[in-house]
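Novice:
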Amino acid sequence: MLSESRLCLLTEDLLIRILHSLGSERKPWRLVCKDFLRLESATRKTLRVLRFEFLLPLLRKFCNIDTLDLSLCPRIHDAAVALLLAQGSPGWTRGLRRLVLSRATGLGHAGLEMLVRACPVLEAVDVSHCWGYGDREAAALSCAARLRELNMDKCLGVTDIGLAKIAVGCGQLEKLSLKWCLEISDLGIDLLCKKCLDLKYLDVSYLKVTNESLRSIASLLKLEVFVMVGCSLVDDVGLRFLEKGCPLLKAIDVSRCDCVSSSGLISVISGHEGLQQLDARYCLSELSAPLVKCLEKLKQMRIIRIDGVRVSDFILHTIGTNCKSLVELGLSKCVGVTNMGIMQLVSGCGNLKILDLTCCRFITNATISIIANCCPDLVCLKLESCDMMTENCLYQLGLNCLLLEELDLTDCSGVDDLALRYLSKCSELIRLKLGLCTNITDIGLAHIACNCPKMTELDLYRCVRIGDDGLAALTSGCKKLTKLNLSYCNRISDRGMDYISHLGELSDLELRGLSNITSIGIRAVAVSCKRLADLDLKHCEKIDDSGFGALAFFSQNLRQVSYTLVLLSLNQVILILSLMRSKSHSSAAFESKLQHLLYKNYKCYLNEHN
Amino acid sequence: MDPKGSLCANSTRSSSLTSPVNALQTNFPSDPSSFYGVRIETPFKEFNLPSPPTQSVLPGEPNKDIMIPDQENCPLSDMSHASKLQDWNPSAMLNNLSFLEEKIHQLRDLVHLIVNKKCQPFGQPHELVTQEQQLVTADLTSIIVQLISSAGSLLPSVRHTLTNTNPLVGQLDQLHGINLPFGSDSSSGLRSQNNSGNKLLDQSTQNDPPNNCEMEQNYNMEEHEPKDEEDIDEGEHLPPGSYEILQLEKEEILAPHTHFCTICGKGFKRDANLRMHMRGHGDEYKTPAALAKPHKETGSEPKLIKRYSCPYAGCKRNKDHKKFQPLKTILCVKNHYKRTHCDKSYTCSRCNTKKFSVMADLKTHEKHCGKDKWLCSCGTTFSRKDKLFGHIALFQGHTPAIPLDDTKGVAEPPDLQNRESNNSVGSNNFCFGSNPSSENAVQNMMDVKGNIDDPMNYFSSLNFEGCNFGGFNEFSQPPFEDSEGSFSFLMSGSFNYAPKFGGGESSSDNLL
Chain L
1 MLSESRLCLL
11 TEDLLIRILH
21 SLGSERKPWR
31 LVCKDFLRLE
41 SATRKTLRVL
51 RFEFLLPLLR
61 KFCNIDTLDL
71 SLCPRIHDAA
81 VALLLAQGSP
91 GWTRGLRRLV
101 LSRATGLGHA
111 GLEMLVRACP
121 VLEAVDVSHC
131 WGYGDREAAA
141 LSCAARLREL
151 NMDKCLGVTD
161 IGLAKIAVGC
171 GQLEKLSLKW
181 CLEISDLGID
191 LLCKKCLDLK
201 YLDVSYLKVT
211 NESLRSIASL
221 LKLEVFVMVG
231 CSLVDDVGLR
241 FLEKGCPLLK
251 AIDVSRCDCV
261 SSSGLISVIS
271 GHEGLQQLDA
281 RYCLSELSAP
291 LVKCLEKLKQ
301 MRIIRIDGVR
311 VSDFILHTIG
321 TNCKSLVELG
331 LSKCVGVTNM
341 GIMQLVSGCG
351 NLKILDLTCC
361 RFITNATISI
371 IANCCPDLVC
381 LKLESCDMMT
391 ENCLYQLGLN
401 CLLLEELDLT
411 DCSGVDDLAL
421 RYLSKCSELI
431 RLKLGLCTNI
441 TDIGLAHIAC
451 NCPKMTELDL
461 YRCVRIGDDG
471 LAALTSGCKK
481 LTKLNLSYCN
491 RISDRGMDYI
501 SHLGELSDLE
511 LRGLSNITSI
521 GIRAVAVSCK
531 RLADLDLKHC
541 EKIDDSGFGA
551 LAFFSQNLRQ
561 VSYTLVLLSL
571 NQVILILSLM
581 RSKSHSSAAF
591 ESKLQHLLYK
601 NYKCYLNEHN
Chain P
1 MDPKGSLCAN
11 STRSSSLTSP
21 VNALQTNFPS
31 DPSSFYGVRI
41 ETPFKEFNLP
51 SPPTQSVLPG
61 EPNKDIMIPD
71 QENCPLSDMS
81 HASKLQDWNP
91 SAMLNNLSFL
101 EEKIHQLRDL
111 VHLIVNKKCQ
121 PFGQPHELVT
131 QEQQLVTADL
141 TSIIVQLISS
151 AGSLLPSVRH
161 TLTNTNPLVG
171 QLDQLHGINL
181 PFGSDSSSGL
191 RSQNNSGNKL
201 LDQSTQNDPP
211 NNCEMEQNYN
221 MEEHEPKDEE
231 DIDEGEHLPP
241 GSYEILQLEK
251 EEILAPHTHF
261 CTICGKGFKR
271 DANLRMHMRG
281 HGDEYKTPAA
291 LAKPHKETGS
301 EPKLIKRYSC
311 PYAGCKRNKD
321 HKKFQPLKTI
331 LCVKNHYKRT
341 HCDKSYTCSR
351 CNTKKFSVMA
361 DLKTHEKHCG
371 KDKWLCSCGT
381 TFSRKDKLFG
391 HIALFQGHTP
401 AIPLDDTKGV
411 AEPPDLQNRE
421 SNNSVGSNNF
431 CFGSNPSSEN
441 AVQNMMDVKG
451 NIDDPMNYFS
461 SLNFEGCNFG
471 GFNEFSQPPF
481 EDSEGSFSFL
491 MSGSFNYAPK
501 FGGGESSSDN
511 LL
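If you're matching them up, the sequences are chains L and P in order. The numbering of the first sequence is full-length UniProt numbering, which starts it at 1 and goes up by one. The numbering of the second sequence is full-length UniProt numbering, which starts it at 1 and goes up by one.
(1) Compile a chain-ordered list of the residues in the region 183-201 of chain L whose CB is closer than 8 Å to at least one CB of chain P.
(2) Rounded to whole angstroms, what's the CA-CA distance from L:K425 to L:C412? Just pull it up for me.
(3) Please check the pair L:L532 and L:L506, which I expect to be a contact at CB under 8 Å, by giving their CB distance rounded to whole angstroms.
(4) List the endpoints of the continuous beta strand (DSSP E) containing L:C380.
(5) Decide if L:A138 is buried, meaning its Cβ has at least 16 other Cβ atoms within 10 Å, or exposed.
(6) What residues in the region 389-406 of chain P bring their beta carbon closer than 8 Å to a beta carbon of chain L?
(7) Nearest to P:Y337 by CA position, among P:G379, P:S309, P:L304 and P:K387, is which residue?
(8) So L:D126 and L:V100 are in contact, right, with Cβ under 8 Å, and what is the actual spacing, rounded?
(9) Between P:D185 and chain L, is there a C-beta pair that is closer than 8 Å?
(10) Using DSSP's beta-bridge definition, name the partner residues of P:P400.
(11) Taking 8 Å as the CB-CB cut-off, is L:H585 touching chain P?
(12) Terminal residues of the continuous beta strand (DSSP E) containing L:S562?
(13) List, in chain order, every chain P residue whose beta-carbon is nearer than 7 Å to that of residue 612 of chain L.
(14) Check whether the Cβ atoms of L:L429 and L:C452 sit closer than 8 Å, and answer yes or no.
(15) Between L:A139 and chain P, is there a C-beta pair that is closer than 8 Å?
(16) For L:S270 and L:K324, I'd like the C-alpha separation in whole angstroms.
(17) Please report whether the beta-carbon of P:Q443 lies at a distance below 8 Å from any beta-carbon of chain L.
(18) Just checking: is the beta-carbon of P:K387 within a distance shorter than 8 Å of some beta-carbon in chain L?
(19) Hey, is L:K165's beta-carbon within less than 8 Å of any beta-carbon in chain P?
(20) Quick check: the Cα distance between L:N64 and L:K27, rounded to an integer number of angstroms?
(21) Does the region 324-332 of chain P come close enough to the region 342-355 of chain P that 3 or more CB-CB pairs lie under 8 Å?
(22) Whole beta strand (DSSP E) runs in the region 79-109 of chain L with 3 or more residues, listed along the chain?
(23) To the nearest whole angstrom, what separates the beta carbons of L:G111 and L:D78, a pair I think is in contact under 8 Å?
(24) Please classify L:M497 as buried or exposed, where buried requires at least 16 other C-beta atoms within 10 Å of its C-beta.
(25) Any beta carbon from chain P within less than 8 Å of L:D135's own beta carbon?
(26) Classify L:H20 as helix, strand or coil using the three-state DSSP reduction.
(27) Please report the distance separating the alpha-carbon of L:R512 from that of L:C380.
(28) For L:L606, decide whether its Cβ has a neighbour in chain P, counting only Cβ atoms nearer than 8 Å.
(29) Quick check: is the beta carbon of L:G169 nearer than 8 Å to any beta carbon in chain P?
(30) Taking contact to mean 3 or more Cβ pairs, one atom from each stretch, closer than 8 Å, check whether the region 450-469 of chain L and the region 392-402 of chain L are in contact.
(31) Tell me the DSSP secondary structure of L:D411 in three-state form.
(32) Using only the alpha-carbon positions, how far apart do P:C264 and P:H281 sit?
(33) With 16 as the cutoff for other CB atoms within 10 Å, does P:P239 come out buried or exposed?
(34) Report yes if the C-beta of L:G330 is less than 7 Å from at least one heavy atom of the ligand FAD; otherwise report no.
(35) Going by C-alpha distance, which of P:L140, P:L94, P:S91 and P:M93 is nearest P:H105?
(36) Decide if L:H20 is buried, meaning its Cβ has at least 16 other Cβ atoms within 10 Å, or exposed.
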């Protein structure tokens, strides 16, 4: 009562500001305070629904949303949409601008059309990974005439016809992603480029388009970002069209385009000296001398990713001396990266934030120390398989790169407890990968746990010396963990599972090959970790029916469970499946997966009994 | 092959032409006809066929050759001119030739003089020699010019392409042929070569219409605007008066039969059929002469190129029209008249909307009717996807329409139907799965047959676009299966397969 009266003194404006500054802590406030509840329902803009069943009451409450995310409700279907639009106060559709229907495979074209037509100001729709979507669904989407952004990744059934529908219906489209829409051909792209002249972002990755499409795309005057990963039918001739066209082009991605060579990239670069981002991963074997010469012109370049290319010290030197504003450099799996090359690079590029040196095996401590000294803004550093480095370089890193958020040390055998102690100075760490670092123990983990409270993702794959005590420290320090990989950390037992159950945010847990955990531990996790969505239990041989029963019963949000080679009786599997089907919101695809697993298990069962 | 042959012949001749005087003297006794004969006769067997004995024809020849003073010069060539080239002015030609002959005689005398002088080694002022040379060249030039002009009138029907490619050579051939007494053979041969080449060309273009008209029909379907097949020959620009204009009467055009038996009155569409029929009227009609094609015998008579006029007054194809464009064959006349000036009495039994006045057009249409599965929101249909997309790009607000084929498995998710119909691009059966399968099969059979009958059609890209060959449907099946196999890793699910395979079977049912 007391607190409420105090809050009454504040005006609504102030309360709203308080609410906004609360951030993710809003939930307890709105649960105990009516004012906050009222305010939040009035001001909340985004809604991401975990369970479809709650959608209707939620939409009644929050009718001022502009973003609705149904990507976790794959079972939403046409009839449900009809119900929503009929029963729920239609107010919520009035202001809806953004609709996320990723993986909402249950929705058909009729429901989609109803939804789209009900939202008059809809500007962005995401239907990615709705693999069943075809031309009818595309036609339904084309009813949204004000659409500006559309993501259709992996809508496998969409053909040129569907694309034509969208191109004609949504003439104001600015951002369009057609990745993996494998049926779309040059004709559709050509029409798109004739109808949607405002396109700024276009992704045609993995389409079977040819140079003709690039000829059409070159006519887009406003295009800024063009992504064509894995277009193996496009070659240098196509890129030459871009040289003259797309005057505003800022970013191009030609990764995995097998037929593209240096000369094609040269033509693109020479036509667009304002280029800011160049992705050419795994498409060139090496950078030709003229291309390197061309790179000198790119003074505004911010992001270069040339994974898998043979580089030389000279190339890195050229990049370092010319691309002063470089923010991200990807050299993953590049051959020829040496200490000298990296030193010359970072001495010029002091603004680097992201540096990917995955599998650059000749990198040593000295280089990483220089990186740490030269690039104080570093946010992400990937050093997977750089096994010549030791703990000393992490000392430098911990000293200088205090903004570091992501560090990949997978398979760096030089990392030990001392290294983690140095590293723990980077208190901003969010993602840390320590897979295959077999030398770290509970002590090192405790250093991290104590000093990096923002950690959300931690990979401890095959860190075999980690035990339950380490988990105890981890779960007390890193409360925000959402993703945890403990596969093959064999010393972990049910006690460790108990600690894990304290991680309320955990959604993704890998426990593969943990032979010491039993159903009791799994039950503890299932009961407490309400957000658990993906769980890997392969080769956890001691988990039996009761553990899975608990999972089926308690883990309402579970989306994917991997459990091959787990001893289960057929009856129990059927029980679990029926429970999961009735309680969870699993999609059609998920059900099919479970059925598939059921079949596999059934075969195992038969084998056992014969 | 014709231009090549003539070129090759030309090269030998033009080399001899560089020194015509020498040629006159050296080639005179030799007999080049055999030499040329090989070249002339082998490539054009057709030319051999009608070849009547020259003597037998000569008497039938009008008095032209009598007028030609130099008999050895070119009776044969003239004759062949006459037989092959119908439209030229004989009297003007005669004047030209006699003028030329005079010139040549003068020149010969002059050269003789020079040769004789050359035998005397001394007393030859240099000036005189050059003067004489200039005289000779001037004479030669005038002869050549004259020859070219007369040859130009000789070769009215030579294709522009032929003359344009190397006009001079072609004309020089004429010159050479006249210069050489025995070479006249070759020149006539050459001319006939050219002519037969033209004939071949002409024939091919005349044979074209059925094919062309079919292809045009395809276009028609897309453009929904019937076009006359006669438009094809618009490239031909015959000077007015260079051909004979025939105008059939309306009744004649529309008559079902054009050849009637003089004995019993029975009508036939083709003369050959009539001749076959005539055999039954007596033995006198069974002789090879009676059974042979009649125009072969009269082929040697001088004939103008025949062109036809449409009897409909005001028609562009009518001879009184300002921009008259003649029709090439009787068939063209018939088709033109029916298409343009008659009712469209044949209605397509499938769509019941398209009407035709020529039966063949209807049949062509029926072959493709129902194939226009690329549909625009405005109701226009297209047989080809790119045509549809071109249409959509052109018109504001038009979108492709998605056909409602709910005939197939209802349990099937709609996307799969879509994908199937997309995979089976060009195969009619998928889209019209509701059709009775037997009908489809029959249609396929018909199509295959029709296409084989007409090789041009069989290979024309237009037909491939809408390929409806029975065999092709079978080929289109496996990729569809394959593609699903490749998608299977993307679609995490096994239960979906059952309906899919069901769909596949149903479509294969349609195939068989």
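Think of the CB as a built atom: it goes at the ideal place given N, C-alpha and C, for glycine as much as any other residue.
Specialist: On the basis of the data shown:
(1) E183, L187, G188, D190, L191, K194 and K195
(2) Here residue 425 of chain L corresponds to residue number 425 of the first sequence, with the count starting at 1. Here residue 412 of chain L corresponds to residue number 412 of the first sequence, with the count starting at 1. If I take the Cα positions, the gap works out to 19 Å.
(3) Taking the first sequence and counting its residues from 1, the one referred to as residue 532 of chain L is at position 532. Taking the first sequence and counting its residues from 1, the one referred to as residue 506 of chain L is at position 506. Rounded, the Cβ-Cβ distance is 6 Å, consistent with contact.
(4) The residue you call residue 380 of chain L lines up with position 380 of the first sequence. DSSP places L:C380 inside the beta strand (DSSP E), whose first and last residues are C380 to K382.
(5) Start at 1 with the first residue of the first sequence, and residue 138 of chain L comes out as number 138. Looking at its Cβ environment, which holds 16 or more other Cβ atoms inside 10 Å, L:A138 is buried.
(6) F389, I392, A393, G397, H398, T399, P400 and I402
(7) Within the second sequence, the letter at position 337 stands for residue 337 of chain P. Minimum Cα distance to P:Y337 is reached at P:S309.
(8) By 1-based counting over the first sequence, the position of residue 126 of chain L is 126. By 1-based counting over the first sequence, the position of residue 100 of chain L is 100. Rounded, the Cβ-Cβ distance is 5 Å, consistent with contact.
(9) For this step, residue 185 of chain P is matched to residue 185 along the second sequence. Summary for P:D185: the model assigns pLDDT 42, below 50, so the residue's position carries little reliability, and this model does not support an answer.
(10) The residue given as residue 400 of chain P occupies position 400 in the second sequence. DSSP output for P:P400 lists P:C376 as bridge partner(s).
(11) As a position in the first sequence, residue 585 of chain L is number 585, starting the count at 1. Its pLDDT being 40, under 50, L:H585 is placed unreliably by the model, and the measurement read from it follows with that caveat. With respect to chain P, the C-beta atom of L:H585 has no partner C-beta closer than 8 Å.
(12) For this step, residue 562 of chain L is matched to residue 562 along the first sequence. Q560 to S562 is the extent of the beta strand (DSSP E) around L:S562.
(13) This structure cannot settle anything about residue 612 of chain L, because the visible part of chain L is limited to 1 through 610.
(14) As a position in the first sequence, residue 429 of chain L is number 429, starting the count at 1. As a position in the first sequence, residue 452 of chain L is number 452, starting the count at 1. Their beta carbons are under 8 Å apart, which means L:L429 touches L:C452 by this criterion.
(15) Position 139 of the first sequence, counting from 1, holds the residue named residue 139 of chain L. Interface residue, yes.
(16) Start at 1 with the first residue of the first sequence, and residue 270 of chain L comes out as number 270. Start at 1 with the first residue of the first sequence, and residue 324 of chain L comes out as number 324. Roughly 19 Å between the two C-alpha positions.
(17) Numbered from 1 along the second sequence, position 443 holds the residue referred to as residue 443 of chain P. Confidence at P:Q443 is low in this model, with a pLDDT of 40, below 50, so the placement of that residue should be treated as unreliable; the coordinate-derived value is given next. No, P:Q443 lies away from the interface with chain L (no Cβ there is under 8 Å from its Cβ).
(18) Stepping through the second sequence from its first residue, residue 387 of chain P is reached at position 387. It does not; no Cβ of chain L falls within 8 Å.
(19) Counted from its first residue, the first sequence places residue 165 of chain L at position 165. Yes, L:K165 counts as interfacial toward chain P.
(20) Position 64 of the first sequence, counted from the first residue, corresponds to residue 64 of chain L. Position 27 of the first sequence, counted from the first residue, corresponds to residue 27 of chain L. If you take the alpha carbons of L:N64 and L:K27, they lie about 18 Å apart.
(21) no
(22) Entirely contained in the region 79-109 of chain L, the beta strand (DSSP E) runs reaching 3 residues are, in chain order, 98-100.
(23) Counting from 1 along the first sequence, the entry for residue 111 of chain L is found at position 111. Counting from 1 along the first sequence, the entry for residue 78 of chain L is found at position 78. Between L:G111 and L:D78 a beta carbon distance of about 3 Å is seen, short of the 8 Å cut, so the two are scored as contacting.
(24) Mapped onto the first sequence, residue 497 of chain L falls at position 497. Burial call: buried.
(25) Position 135 of the first sequence, counting from 1, holds the residue named residue 135 of chain L. At least one chain P Cβ lies under 8 Å of L:D135.
(26) Along the first sequence, read from residue 1 onward, the residue named residue 20 of chain L stands at position 20. Collapsing the DSSP output to three states places L:H20 in a helix.
(27) Walking along the first sequence from the start, residue 512 of chain L turns up at place 512. Walking along the first sequence from the start, residue 380 of chain L turns up at place 380. The alpha-carbon atoms of L:R512 and L:C380 are separated by roughly 27 Å.
(28) By one-based count along the first sequence, residue 606 of chain L stands at place 606. Because L:L606 carries a pLDDT of 49, less than 50, the predicted location of this residue cannot be relied on, and the following value inherits that uncertainty. L:L606 does not count as touching chain P.
(29) If you number the first sequence from 1, residue 169 of chain L lands on position 169. By this cut-off, L:G169 is an interface position.
(30) no
(31) Taking the first residue of the first sequence as 1, we reach residue 411 of chain L at position 411. Three-state result, L:D411: coil.
(32) In the second sequence, counting from the first residue as 1, residue 264 of chain P sits at position 264. In the second sequence, counting from the first residue as 1, residue 281 of chain P sits at position 281. Cα-Cα distance, rounded: 9 Å.
(33) Translated into the one-based positions of the second sequence, residue 239 of chain P becomes position 239. Result: exposed.
(34) Absence of the ligand FAD from the depicted structure is noted, as is the absence of any ligand whatsoever, leaving it without description.
(35) The count along the second sequence starts at 1 and reaches residue 105 of chain P at position 105. The candidate whose alpha carbon is nearest that of P:H105 is P:L140.
(36) Working through the first sequence from its first residue, we reach residue 20 of chain L at position 20. Its Cβ having fewer than 16 others within 10 Å, L:H20 is exposed.
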